[in-house]
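Sequential numbering from 6 applies to the sequence shown in my numbering.
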Amino acid sequence: MNDIKATWIAADWGTSHMRAWAIDESGKVFAYSESIEGMKDLQQNEFEPALLRLIEKWIDDKRVTPVVACGMVGARQGWVETPYQKTPCVPINKNQLTVATTKDTRIKVTLVPGVMQHEPADIMRGEETQIAGFLKFNPDFDGVVCLPGTHVKWVKVSKGMIKNLTTFMTGELFGVISSNTLLSHSIKGDGWHQKSFEKGLIKGFESPSLITSELFSLRAESILNGLDSDSARARLSGLLLGVELHGAQNYWTRNKVTLIGSEILTKNYQSALELVGGECKLFNIESATLAGLSSVYKDLHSD
Numbered sequence: 006m007n008d009i010k011a012t013w014i015a016a017d018w019g020t021s022h023m024r025a026w027a028i029d030e031s032g033k034v035f036a037y038s039e040s041i042e043g044m045k046d047l048q049q050n051e052f053e054p055a056l057l058r059l060i061e062k063w064i065d066d067k068r069v070t071p072v073v074a075c076g077m078v079g080a081r082q083g084w085v086e087t088p089y090q091k092t093p094c095v096p097i098n099k100n101q102l103t104v105a106t107t108k109d110t111r112i113k114v115t116l117v118p119g120v121m122q123h124e125p126a127d128i129m130r131g132e133e134t135q136i137a138g139f140l141k142f143n144p145d146f147d148g149v150v151c152l153p154g155t156h157v158k159w160v161k162v163s164k165g166m167i168k169n170l171t172t173f174m175t176g177e178l179f180g181v182i183s184s185n186t187l188l189s190h191s192i193k194g195d196g197w198h199q200k201s202f203e204k205g206l207i208k209g210f211e212s213p214s215l216i217t218s219e220l221f222s223l224r225a226e227s228i229l230n231g232l233d234s235d236s237a238r239a240r241l242s243g244l245l246l247g248v249e250l251h252g253a254q255n256y257w258t259r260n261k262v263t264l265i266g267s268e269i270l271t272k273n274y275q276s277a278l279e280l281v282g283g284e285c286k287l288f289n290i291e292s293a294t295l296a297g298l299s300s301v302y303k304d305l306h307s308d
C-alpha cells in the first residue's frame, strides 16, 4: 500500500492546520495525512516545502500529480491570493481557479477561490468548497448551511447558489476569553458539563446585551460559590453560542439548517438549536470537503 502513488491529491489548508488526502485512479482515498503547518505560520516561499513534506510519499517521479487545495492557502497572506467570487454565486467557479507557481515539476497546485459579500462586508475561504460538496449530494437544497468553527459561517443557499452569508467569531472569542482574560483562572482543562452549557445558552440567547456582565459573573461564581472549571467552561461556551444564535435568527428560524463541521462542534450546535426552537441536520465535513475538491479535479480533467 505504501508504494501506491496518487492520481491526484486533495488538500484543505487552513489558518493553523493542513489536511491532505491521496486519491487513486478510481476516485477513492487510500491515504490521509495532516500537519500543523497552517497559513499563519508560513512565509510565501515556505508553502511549497510544507506541502511536499506532507505529500511527497504519494508523488510519482515520472509524471505530474495534480493537487487541488482550498482554504486560507489562497488568502492574501497565503501561498498566492485567489480572487474572491462575489455573492450571489455558485460555490466554486472553475473559471476563477488559480494555479500556484511551483519549483517542483512533479506537482501542479490549483487553488479554489473564496467568496465575498460587499454589504454587509463578509468573506470566507474553504467553506465554499464544503458547500459545493454538500450540494453534490443535495442538488435541490434550499435553506441554510451553518459551518461551525473558529469563525462560524451562516450561509443562505438556494438553486445551487450562495445567496448571502454572516460570520460570527464565536470560536475565536471562546479561545481568547478562556485563555487571555481573568476567566482563564476559572477555566482549565477540556472538561464539559452539559447542564451548565444549556444554562449559559439560554442566558446568552434571551439576554445578549448582558453578555459582558454574565462573563464576569462566571469568575465571581467560581470564587464565591466554587463553580468548577468544567461547568465554567461549558457555561462560557453556552453564553457565547446563545448570543450568536440570537443574532443569527434570520438564518435558522423557519429554514432548513444543515450543520457541517467537527463532530463535537456540530453536536453542540444541534443541541443548542433544539433548545431555542430550531431544527437541523448534520452532514459529514470530510465528505463535503472531498466532494467539493473532487468536483474541481473533475472539471479540470473533464477533457
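A virtual CB, placed ideally from N, CA and C, is assigned to each residue, including glycine.
Bear in mind that the values here come from a model prediction, so they are computed numbers and not experimental data.
Report the CB separation of ALA293 from ILE265 in whole angstroms; it is logged as a contact under 8 Å. Indeed, because the Cβ distance is near 5 Å, the residues count as touching under 8 Å.
Residue nearest to ILE128 in terms of C-alpha spacing, selected from GLY165, THR87, ALA74: THR87
Out of curiosity, what's the CA-to-CA distance linking PRO144 and MET174? 29 Å
Looking at the secondary structure, which residues open and close the beta strand (DSSP E) in which GLY266 lies? Segment 262-266, the beta strand (DSSP E) holding GLY266.
Shortest alpha-carbon distance to LEU59 belongs to which of THR92, MET23, ARG130, MET44? MET23
Find the nearest neighbour of PHE52 within the set GLY19, LEU245, GLU211, ILE64, judged by alpha-carbon distance. GLY19
Considering only C-alpha positions, which residue in the set LYS161, PHE179, ALA11 is nearest to VAL95? Checking every option, the nearest Cα to that of VAL95 belongs to LYS161.
Beta-carbon spacing of ILE64, ILE112 below 8 Å: yes
Smallest Cα separation from PRO125: which of THR92, ILE97, LEU116, PRO153? Nearest to PRO125 by C-alpha distance, out of THR92, ILE97, LEU116, PRO153, is THR92.
Please state whether the Cβ-Cβ distance between GLY165 and PRO118 is less than 8 Å. no
Under a three-way DSSP split, which group does TYR37 fall into? strand
Pull the bridge partners of ASN289 from the DSSP assignment, please. Looking at the DSSP assignment, ASN289 forms a beta bridge with GLY266.
For a test of the three-state rule: what should DSSP assign to GLY196, helix, strand or coil? coil
Looking only at its chain, what residues have a beta carbon closer than 7 Å to the beta carbon of GLN82, apart from the 5 residues adjacent to it on each side? MET44
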